[in-house]
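See below for the structure under consideration.
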Amino acid sequence: MVPFSVLDLSPIIQGGSAADALRRSLDLARHAEHLGFKRFWLAEHHNMPGIASAATAVVIGHVAAGTSKIRVGAGGVMLPNHSPLVIAEQFGTLETLFPGRIDLGLGRAPGTDQPTARALRRGAINPVDSFPQDVLELQAYFHPVIPGQVVQAVPGAGLQIPIWLLGSSLFSAQLAAALGLPFAFASHFAPDLLGEALEIYRRDFRASASREKPYAMAAIGVVAADTEAGAQRLFTSLQQSFVNLRRGAPGPLPPPVDSMDHRWTPVEKSGVGRAFAEAIVGSPDSVRLRLKAFLERTHVDELMVTAAIFDHGARKRSFELVAQIRDTL
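Be aware that the sequence shown starts at 70, since it is given in this note's numbering, and climbs by one per residue.
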């Protein structure tokens with residue numbers, strides 16, 4: 070059975086607060102643990118009024134402390150925003166506190182707009198260009214300390230923390246293959262290159278100390294409800310949020326609406342459809358069919374599910390239905 074995992078962005082809803090979002094993230098993680106999901110990942114975004122997981126390592130600690138078995142990690146840390154040593158120390162600390170439960174997924178994008186990226190990086194020049202070197206430096210900090218090593222991560226050195234490369238293009242697929250690392254593709258918002266990225270990763274994979282064989286995961290949006298119409302209505306929150314983002318007005322996750330008519334232009338509707346082409350929205354029967362088809366088409370080793378749903382109870386119900394479907398596939 071293909072393992073299922075959860076990607077959470079700690080969505081801040083209209084009328085809610087970041088504190089509410091973080092409490093709901095922990096509650097969802099406990100729910101996912103009970104339902105048998107393998108991992109619970111949180112993603113780094115900045116200057117986003119609708120996302121509460123900017124300090125990703127801190128939120129991972131919050132979730133890991135409130136759960137007992139599920140793996141908790143970053144999906145991901147945007148490495149160009151940080152020095153590799155800082156990330157090694159942060160995740161070395163997390164692994165020391167919660168041994169055997171921490172994952173470190175690394176992304177190459179800033180996870181924000183350009184002015185915020187400049188504020189985060191404090192004048193660094195083209196940090197994205199150094200991403201492969203930064204990944205290697207970060208890996209080295211987790212190796213056992215060697216005689217004469219001047220800089221070491223404390224804690225961090227000698228710890229077995231799984232490093233993943235994340236991507237929505239072909240670059241990270243190529244780098245993950247070259248370094249022999251597990252790879253996760255962000256098809257939940259950028260599905261166009263999913264098939265090509267998986268093909269390149271599997272074809273070019275080189276065995277490493279981390280992995281002997283390729284291990285590919287895809288993230289997709291899944292919104293399940295007891296009825297088709299109910300699921301489609303829940304999905305309108307994410308559709309509205311995406312339109313607002315593209316208009317340069319990001320904000321908290323809005324409540325669902327009965328219809329998206331007159332809420333987007335034809336061009337915006339087309340853009341939403343393309344971004345969420347892999348999203349699976351519907352009743353249990355339709356979700357089961359589309360999940361089965363996705364797994365058969367991609368042959369991924371693991372599936373990561375995300376769902377931006379305004380009502381927390383409906384969100385938990387969606388993951389409950391997904392878990393029930395998972396167990397029948």
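Using N, Cα and C, we set each Cβ at its ideal position, and we do this for glycine too.
Closest Cα partner of Ser137 within the set Ala87, Gly169, Glu206: Just measuring C-alpha positions, the residue of Ala87, Gly169, Glu206 sitting nearest Ser137 is Gly169.
Residue environment, Ser256, which counts as buried when at least 16 other CB atoms sit within 10 Å: Classification of Ser256: buried, given that the 10 Å Cβ count is 16 or more.
Whether His114 touches Ala101 by CB criterion (8 Å): No, the pair does not count as a contact, with Cβ atoms beyond the cut-off.
Through-space distance from Glu265 to Arg230, alpha-carbon basis: Before going further, note that residue 230 is Ile rather than Arg in the sequence given. Cα to Cα, the separation comes out at about 28 Å.
Reduced DSSP secondary structure (H/G/I, E/B, other) of Glu371: Correct three-state label for Glu371: strand.
C-beta atoms of Ser310 and Gly119 nearer than 8 Å: For Ser310 and Gly119, yes; Cβs fall inside 8 Å.
Host alpha helix (DSSP H) of Val341 (start-end): That run of the alpha helix (DSSP H) goes 335-344.
Lys107, buried or exposed, once every other Cβ within 10 Å from all chains shown has been counted against 16: Counting Cβ neighbours within 10 Å, Lys107 comes out buried, since at least 16 surround it.
First through last residue of the beta strand (DSSP E) which encompasses Ile289: Segment 285-293, the beta strand (DSSP E) holding Ile289.
Between the CA atoms of Ala285 and Pro72 - distance to the nearest angstrom: One C-alpha to the other measures close to 12 Å.
Ala383 versus Gly145 - alpha carbon distance: Rounded to the nearest angstrom, the two C-alpha atoms are 25 Å apart.
Sufficient close CB pairs (3 or more, under 8 Å) joining the stretch 297-316 to the stretch 259-274: As far as the Cβ criterion goes, the stretch 297-316 does not touch the stretch 259-274, which means the pair count is below three.
Leu91 in three-state terms, based on DSSP: For Leu91, the secondary structure class from DSSP, reduced to helix, strand or coil, is helix.
Ala143 (DSSP reduced to helix, strand or coil): DSSP places Ala143 in the strand class (E or B) of the three-state scheme.
Residue from Ser328, Thr375, Phe379 whose Cα sits closest to the Cα of Phe345: Checking every option, the nearest Cα to that of Phe345 belongs to Thr375.
At least 3 beta-carbon pairs within less than 8 Å: the stretch 227-241 vs the stretch 86-100: Output reads no: the stretch 86-100 does not touch the stretch 227-241.
Ser74 - containing beta strand (DSSP E), residue span: Looking at the DSSP string, the run of the beta strand (DSSP E) that includes Ser74 is 73-77.
contact_flag[the stretch 218-227, the stretch 246-255] where n(CB pairs < 8 Å) is 3 or more: Below 8 Å, too few C-beta pairs join the stretch 218-227 and the stretch 246-255 to call them touching: fewer than three.
Arg187 in three-state terms, based on DSSP: Taken through DSSP and simplified to helix, strand or coil, Arg187 comes out as helix.
Classification of Gln221 by the beta-carbon crowding that lies within 10 angstroms, buried from 16 upward: Buried: at least 16 other Cβ atoms inside 10 Å.
8 Å Cβ cutoff met for Val369 and Ala293: For Val369 and Ala293, no; Cβs fall outside 8 Å.
Status (buried if at least 16 other CB within 10 Å, exposed otherwise) for Val282: First, the amino acid is wrong: residue 282 is Lys here, not Val. Residue environment: Lys282 is assigned as exposed (fewer than 16 neighbouring CB atoms within 10 Å of its CB, all protein chains considered).
Same chain only: Cβ atoms within 7 Å of Thr305, ignoring 5 sequence neighbours per side: Cβ within range, chain order: Pro325, Val326, Met329.
N-terminal and C-terminal residue of the alpha helix (DSSP H) that Ala247 is part of: Per DSSP, Ala247 belongs to the alpha helix (DSSP H) from 240-248.
Paired residues, beta bridge with Pro80 - DSSP: Assignment of beta-bridge partners to Pro80 by DSSP yields Ile120.
Rounded Cβ spacing between Ile129 and Leu76 (contact assumed at less than 8 Å): Actually they are not in contact, since the Cβ atoms of Ile129 and Leu76 sit about 13 Å apart, beyond 8 Å.
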